[in-house]
Amino acid sequence: MTWKRKDLLSMQDLEAGEIRDVLDTAESMKEIATREIKKVPTLRGKTVVNLFYESSTRTRTSFEIAGKWLSADVINFSASGSSAEKGESLLDTAKNIEAMSPDVVVVRHKASGAPAMLARNLRCAVVNAGDGAHEHPTQALLDLLTIREKKGHLEGLNVTIVGDVAHSRVARSDIHGMKTMGITVTVAGPPTLIPAACQELGVKVSHRLEEAIAHADVIMMLRLQHERMTAGFIPSLREYSRVWGLSPDKLKHCRSDVLIMHPGPVNRGVELSPEVADGPYSVILDQVTNGVAVRMAVLYLLAGSKGA
Amino acid sequence: MSVAYREKAQVLDEGALDRALTRIAHEIVEQAGGVKDIALVGIKTRGVTLGQRIAAKIAAIEGGQKPAVGALDITLYRDDLGLKAEQPVVRGTEIPFPIKGRTVVLVDDVLFTGRTIRAALDALMDLGRPRVIRLAVLVDRGHRELPIRPDYIGKNLPTSRRETVAVLLREHDGTDRVVIQEPAEREEGEPQPKARRANMESPSERSEEGEPQPKARRANMESPSERSEEGEPQPKARRANMDSPPERSEG
Amino acid sequence: MSLLIKGGRVIDPWNGVDGVQDVLVIDGTIAKLGVGLKAPEGGAVVDATGNVVCPGFIDIHVHLREPGFEYKETIATGTRAAAAGGFTAVACMANTFPVNDNRAVTDFILAKARVEGCVRVYPIGAATRGLKGDELAEMGEQAEAGCVAFSDDGKCVMNAEVYRRAMEYALPFGVPIISHAEDCHLAHRGVMNEGLVSTELGLAGQPATAEDVMVARDILLAELTGAHLHIAHISTAGAVRMVRDARARGVRVTAEVTPHHLVMTDEAVRDYDSNTKMAPPLRGKRDVEACLEALTDGTIDCVATDHAPHALSDKEGEFAEAANGVVGLETAVPVLLDRLVRQGRLDLPTLVARFTAGPARLLNLPGGRLSVGAPADITVLDLERAWTVEPRHLLSRSKNTPFAGWSGTGAPVLALVGGKPALPSYPLAISGGAA
Chain H
1 MTWKRKDLLS
11 MQDLEAGEIR
21 DVLDTAESMK
31 EIATREIKKV
41 PTLRGKTVVN
51 LFYESSTRTR
61 TSFEIAGKWL
71 SADVINFSAS
81 GSSAEKGESL
91 LDTAKNIEAM
101 SPDVVVVRHK
111 ASGAPAMLAR
121 NLRCAVVNAG
131 DGAHEHPTQA
141 LLDLLTIREK
151 KGHLEGLNVT
161 IVGDVAHSRV
171 ARSDIHGMKT
181 MGITVTVAGP
191 PTLIPAACQE
201 LGVKVSHRLE
211 EAIAHADVIM
221 MLRLQHERMT
231 AGFIPSLREY
241 SRVWGLSPDK
251 LKHCRSDVLI
261 MHPGPVNRGV
271 ELSPEVADGP
281 YSVILDQVTN
291 GVAVRMAVLY
301 LLAGSKGA
Chain U
309 MSVAYREKAQ
319 VLDEGALDRA
329 LTRIAHEIVE
339 QAGGVKDIAL
349 VGIKTRGVTL
359 GQRIAAKIAA
369 IEGGQKPAVG
379 ALDITLYRDD
389 LGLKAEQPVV
399 RGTEIPFPIK
409 GRTVVLVDDV
419 LFTGRTIRAA
429 LDALMDLGRP
439 RVIRLAVLVD
449 RGHRELPIRP
459 DYIGKNLPTS
469 RRETVAVLLR
479 EHDGTDRVVI
489 QEPAEREEGE
499 PQPKARRANM
509 ESPSERSEEG
519 EPQPKARRAN
529 MESPSERSEE
539 GEPQPKARRA
549 NMDSPPERSE
559 G
Chain R
560 MSLLIKGGRV
570 IDPWNGVDGV
580 QDVLVIDGTI
590 AKLGVGLKAP
600 EGGAVVDATG
610 NVVCPGFIDI
620 HVHLREPGFE
630 YKETIATGTR
640 AAAAGGFTAV
650 ACMANTFPVN
660 DNRAVTDFIL
670 AKARVEGCVR
680 VYPIGAATRG
690 LKGDELAEMG
700 EQAEAGCVAF
710 SDDGKCVMNA
720 EVYRRAMEYA
730 LPFGVPIISH
740 AEDCHLAHRG
750 VMNEGLVSTE
760 LGLAGQPATA
770 EDVMVARDIL
780 LAELTGAHLH
790 IAHISTAGAV
800 RMVRDARARG
810 VRVTAEVTPH
820 HLVMTDEAVR
830 DYDSNTKMAP
840 PLRGKRDVEA
850 CLEALTDGTI
860 DCVATDHAPH
870 ALSDKEGEFA
880 EAANGVVGLE
890 TAVPVLLDRL
900 VRQGRLDLPT
910 LVARFTAGPA
920 RLLNLPGGRL
930 SVGAPADITV
940 LDLERAWTVE
950 PRHLLSRSKN
960 TPFAGWSGTG
970 APVLALVGGK
980 PALPSYPLAI
990 SGGAA
């Protein structure tokens, strides 16, 4: 086991050995979900606080289940709106929570860098559950676990990430994690949604969907947020989904063993047609299952040990 | 913990080890009155291998099907999590059959403090409700810290705390033997065999990297007669609670 | 009352002087320069042996925040910070509250500065009313009251017609229009420079083009109107190139650069420290190199700090929400003496020129030179003085510095305004003479 970190803040920080530790641990923990009594005493007496400043039922629930199956006490603290609205700064809220001695704080916030700031100032472990457009490490880890499970390995695979890469923390975490594990990454989307200097991240950039997905082992579809339209990045949802959405006929260009993935929630009819979302290539639900296992592994590695 | 160990004595050779497993297989079947409903659950990693071998022997004895063999990883149930610098590696449990109502025989290579078995019992209970749980160990080396006792023993082996017992198996180590190891002064350049530690160290033997074993005596865990100074030959006196054969209880 | 500054290396680029000389000050004016001068009876003496004696440094881009934002800085605290940083004069921007777009506010600032300021304060008036970019401010009255330039700094005048009129209207007053060049649409979501760092950090970036687009427009307007255009806080290679080309074809355009744009790139933002957040943002390596080159060859006329104090409450919290701006008066000279001069990237006389002759010329100020008869505004530097930046020791009311923890060698040790020390105590002592 090479895991020695106090916090999990980004995929960019992690080395291949550490990623493998998380994936192997998560795999071993998957069996707990199949039991009648889904509980192990491993984190008994540990307190996990979910500090979610952005509303997110899925990720928060996933962390909650993960913590509870490990017998931890999980507290949900939902603060919607910016800290300025609430009048109490993020740091103040976190210090108040720390005064109640949690072992792990899982934080999701709309500001890039917020979890890093908390990690510097809190004694307990901090897990980044998504910060602005920066990173969402547990999502990338569950994506890697799913790919490894289905393909048997990671190195040498071709993954294409399609959609609003510019505003996506999932894309950034996936890019960093996949590159570390030896995957060749291509990003594809309209130029307005590909971030500046993207090639310098070590990925190929394509502006044509068919060519980008032709040889892909895995296609990761990103969610298009409706705000992009009003902000002038794309002319209309209709055009976006016609050109960039995955429908059954676009899949004709793909490998027969391709995997379709999506971090959820899916905008049916926009980035994925319902047939594809529910079709035989889709492993979206496996991602969700693996999400709980990965989060159990992360909580185990961070909360169980004395930490850094 | 990287104390170097060297082999002190071999206590079972290939033949003796095999015979011990054969006897255990007979005892299991005899007590259960047959193969029906028996399930062997080996504690990872070598307990699983021993469990496979015992299951094969049971099949040979009764001339029928092999009893089911499962693999149990007790890492998530350890009582010493959070006390170590790094988290122990989780290996995963594979028990692909229901244990409800069955006669489960836990199999492990070395029984020492009993903490591993305590964890295994908790793990089994979370998986279902067996009718009865029994314990088979290849070696019982004493120094129990919990009231746990084995039902089937390959060999009783009195040891001192500073020694370790290593069960080497063909499938893992290329050879079948059981040896006692003791801490060694390392010669320059001489590679030392890795100590085979029990699944969980007893708190009394846990020590910081590089520090010598703590010499402090803990009153309620060791009797004076077994205390030994470094370098002196180990007393061979056996203690009362290990000599008596395991109680045979029916049903 | 006399003061003799003995034995220092006098660097006075305005008069082309660089050599060891004594400077005699009588009654607040430069009386004589020469070798082996004698101190008059009862006069004070400063032993400047081993030090560098320059005209008083001038910072033409400072936000003193008074009236209206006294919780961030006041004329008193801001000028003290200037004095500690070796400056003897500052020009202060109009984005106060109320905005300095009329004579009443200008008079207030000058009156306050007379009583509470410890260095000279030259107000810059607003170009448009309320900084709204719609209607012209009363530049005539403001110029009469003492404004030395006009600027909507803090904001960009987006309407080209309005800006043209402002440039034309200001012509008779003989003062420059200072432009904060930033296309607010191209820039509006950006909280840092757009590039690899902003992509990796997941922060919205504004491209260098947001600045270049406006510099191009302003230069063309200056060409059209014949106005003296001064580009505030230039930061991009593109803008620098355009200024150089425009000057070559005779456009009256000058430019200033901040110390942080000369020594830091957007890599400094990786920790999400809001003390690295300002407008224009820290740029890329090529931009920094281009600015240094332009400072060296005179395309950029002066260094100006854009000293922008913000209270902790304005800066803490999410990077994206934090106010733009960093303080700079106390760190400008030490940082550039160490990171540019000491590291051999810029020679000392050029740096001195950019703090003295450069700003004085472009704003037509009486300082920036050690000419006989000129006011005795003098800055003395000790090139061997070691320093470390500790925010809590800054004299500015606000501590938002990007240089926290930096250390180096070379710092100002004395600043005289009209022959008198601007602060009660300085590292370089004055002996003898009346108080």
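Protein chains in written order, with the numbering used here: chain H, 1 to 308; chain U, 309 to 559; chain R, 560 to 994.
Where is the CB? At the ideal position from N, CA and C, for every residue including glycine.
These numbers were taken from a predicted model, which means no experiment stands behind them.
Leucine 294(U), buried or exposed, once every other Cβ within 10 Å from all chains shown has been counted against 16:
The structure shown does not extend to residue 294(U), since chain U is modelled only from 309 through 559, so no value can be given for it.
Write down the C-beta distance between leucine 70(H) and threonine 42(H) rounded to the nearest angstrom, noting that I regard them as a contact closer than 8 Å.
For this step, residue 70(H) is matched to residue 70 along the first sequence. For this step, residue 42(H) is matched to residue 42 along the first sequence. So it is a contact: roughly 5 Å between Cβ atoms.
One or two residues paired with alanine 648(R) in a DSSP bridge:
Reading the third sequence from its first residue, position 89 is the one you call residue 648(R). Beta bridge pairing from DSSP links alanine 648(R) with Ile617(R), Arg679(R).
Using a Cβ-Cβ cutoff of less than 6 Å, which residues in the same chain neighbour alanine 293(H) once the five nearest sequence positions on both sides are dropped?
Position 293 of the first sequence holds residue 293(H). Excluding positions up to five away in sequence, the list reads Ala26, Met29, Lys30.
Of all the options Ala598(R), Leu821(R), Ala867(R), Asp941(R), which has the alpha carbon lying nearest to the alpha carbon of alanine 853(R)?
Locating residue 853(R) in the third sequence gives position 294, counting from the first residue. The option with the nearest alpha carbon to alanine 853(R) is Leu821(R).
Using a Cβ-Cβ cut-off of less than 7 Å, list which residues of the segment 863-880 of chain R approach chain H; keep chain order.
Answer set for the segment 863-880 of chain R: Glu875, Gly876, Glu877, Phe878, Ala879, Glu880.
Output needed in chain order: residues of the segment 749-770 of chain R with a Cβ under 9 Å from some Cβ in chain H.
Glu753, Gly754, Leu755, Val756, Ser757, Thr758, Glu759, Leu760, Gly761, Leu762, Ala763, Gly764, Pro766
What does histidine 789(R) pair with, by DSSP beta-bridge criteria?
As a working note, residue 789(R) is residue 230 in the third sequence. Answer by DSSP bridge pairing, in chain order: Ile737(R), Thr813(R).
Beta-carbon contacts of serine 966(R) that lie in its chain and below 6 Å, excluding the five residues immediately before and after
The residue you call residue 966(R) lines up with position 407 of the third sequence. Excluding positions up to five away in sequence, the list reads Thr947.
Rounded to whole angstroms, what's the CA-CA distance from lysine 150(H) to asparagine 883(R)? Just pull it up for me.
Residue numbering aside, residue 150(H) sits at position 150 when the first sequence is read from its first letter. Residue numbering aside, residue 883(R) sits at position 324 when the third sequence is read from its first letter. If you take the alpha carbons of lysine 150(H) and asparagine 883(R), they lie about 48 Å apart.
If we define contact as Cβ-Cβ less than 8 Å, is arginine 452(U) a contact residue for chain C?
Given the protein chain composition of this structure (H, U and R), no chain C is represented.
In chain order, which alpha helix (DSSP H) runs of at least 4 residues are fully inside the segment 895-948 of chain R?
907-914, 916-922
Can you name the residues of chain H whose CB is closer than 7 Å to the CB of leucine 429(U)?
Here residue 429(U) refers to the residue found at position 121 when the second sequence is read from its first residue. Those within 7 Å of leucine 429(U) in chain H number zero; the least Cβ separation is about 12 Å.
Can you tell me which of the three DSSP states leucine 380(U) falls into?
Taking the second sequence and counting its residues from 1, one reaches residue 380(U) at position 72. In the structure shown, leucine 380(U) sits in a strand (DSSP, three-state: E or B).
Kindly list, in the order they appear in chain H, the residues whose Cβ is closer than 8 Å to that of leucine 443(U).
Here residue 443(U) corresponds to residue number 135 of the second sequence, with the count starting at 1. Chain H residues near leucine 443(U): none, gap ~21 Å exceeds 8 Å.
Closer than 8 Å, CB to CB, is tyrosine 503(R) near chain H or not?
A question about residue 503(R) goes unanswered here, because the residues of chain R that appear run from 560 up to 994.
So if I threshold CB-CB distances at 8 Å, which residues from the segment 113-133 of chain H count as touching chain R?
Gly113, Ala114, Ala116, Met117, Asp131, Gly132, Ala133
For a contact defined as C-beta to C-beta under 8 Å, what are the partners of leucine 90(H) on chain R?
Translated into positions along the first sequence, residue 90(H) becomes position 90. Those within 8 Å of leucine 90(H) in chain R are Gly876, Glu877.
Compare the C-beta of proline 235(H) against all C-beta atoms of chain R and say whether one is closer than 8 Å.
Working through the first sequence from its first residue, we reach residue 235(H) at position 235. For proline 235(H), the answer is no, since every Cβ of chain R falls outside 8 Å of its Cβ.
Would you verify that the beta carbon of tyrosine 985(R) is, or is not, closer than 8 Å to some beta carbon of chain H?
On the third sequence, position 426 is the one that residue 985(R) refers to. Not an interface residue.
Please list, in chain order, the chain H residues whose beta carbon lies closer than 9 Å to that of glycine 436(U).
Here residue 436(U) is taken as the residue at index 128 of the second sequence, counted from 1. Those are Arg35, Glu36, Ile37, listed as they occur along chain H.
Which whole-angstrom value describes the C-beta separation of valine 298(H) and valine 22(H), a residue pair presumed to lie in contact below a C-beta threshold of 8 Å?
Within the first sequence, numbered from 1, the residue matching residue 298(H) stands at position 298. Within the first sequence, numbered from 1, the residue matching residue 22(H) stands at position 22. Sure, about 6 Å apart at Cβ, within 8 Å.
DSSP on cysteine 743(R), reduced to helix/strand/coil?
The residue you call residue 743(R) lines up with position 184 of the third sequence. Of the three classes helix, strand and coil, the one that applies to cysteine 743(R) here is helix, per DSSP.
Measure from the alpha carbon of asparagine 158(H) to the alpha carbon of each residue in Glu211(H), Glu200(H), Leu91(H), Glu227(H), then state which is nearest.
Sequence index remark: in the first sequence, residue 158(H) carries index 158 (1-based). With distances taken between Cα atoms, asparagine 158(H) lies closest to Glu211(H).
State the DSSP-derived secondary structure class of cysteine 715(R), mapped to helix, strand or coil.
Residue 715(R) sits at position 156 when you count from the first residue of the third sequence. Note: cysteine 715(R) maps to coil in three-state DSSP.
Only counting the same chain, and skipping five residues up and downstream in sequence, which positions put a Cβ closer than 7 Å to that of valine 885(R)?
If you number the third sequence from 1, residue 885(R) lands on position 326. Hits under 7 Å: His819, Asn834, Met837, Ala867, Asn959, Thr960, Pro961.
Would you be able to state if there are at least three C-beta pairs under 8 Å between the segment 455-464 of chain U and the segment 376-389 of chain U?
With fewer than three CB-CB distances shorter than 8 Å, the segment 376-389 of chain U does not count as touching the segment 455-464 of chain U.
Beta carbon of arginine 829(R) nearer than 8 Å to that of alanine 781(R)
Mapped onto the third sequence, residue 829(R) falls at position 270. Mapped onto the third sequence, residue 781(R) falls at position 222. Cβ distance not < 8 Å, so arginine 829(R) and alanine 781(R) don't count as in contact.
Measuring CA to CA, which of Ala171(H), Val107(H), Gly152(H) is closest to histidine 134(H)?
To locate residue 134(H), count along the first sequence from 1; it is residue 134. If we check each option's Cα against that of histidine 134(H), Ala171(H) comes out closest.
Considering alanine 796(R), what are the terminal residues of the alpha helix (DSSP H) in which it resides?
Here residue 796(R) refers to the residue found at position 237 of the third sequence. Per DSSP, alanine 796(R) is one residue of the alpha helix (DSSP H) stretching across 796-807.
My guess is that leucine 804(R) and methionine 773(R) are in contact by the Cβ rule of under 8 Å, so how many angstroms apart are they, rounded?
By one-based count along the third sequence, residue 804(R) stands at place 245. By one-based count along the third sequence, residue 773(R) stands at place 214. Here the sequence assigns aspartate to residue 804(R), which means leucine is not the residue at that position. About 16 Å separates the two Cβ atoms, so there is no contact after all.
Would you mind telling me which residues of chain R sit closer than 7 Å to proline 195(H), beta carbon to beta carbon, in chain order?
In the first sequence, the residue the question calls residue 195(H) occupies position 195. The answer, in chain order, is Thr758.
Looking only at its own chain, which residues have a Cβ that is under 8 Å from the Cβ of alanine 33(H), when we skip the five neighbours before and after it?
Taking the first residue of the first sequence as 1, we reach residue 33(H) at position 33. These residues qualify, in order along the chain: Trp69, Thr289, Val292, Ala293.
Relative to the C-alpha of alanine 704(R), which residue among Val664(R), Met726(R), Pro599(R) is closest?
Taking the first residue of the third sequence as position 1, residue 704(R) is located at position 145. Alanine 704(R) has its Cα closest to that of Val664(R), out of Val664(R), Met726(R), Pro599(R).
Cutoff 8 Å: leucine 384(U) Cβ touching any chain H Cβ:
Working through the second sequence from its first residue, we reach residue 384(U) at position 76. So yes, leucine 384(U) belongs to the interface.
From which residue to which residue does the beta strand (DSSP E) around isoleucine 73(H) run?
The residue you call residue 73(H) lines up with position 73 of the first sequence. Reading the sequence as shown, one finds aspartate at residue 73(H) and not isoleucine. Note, aspartate 73(H): beta strand (DSSP E), 73-78.
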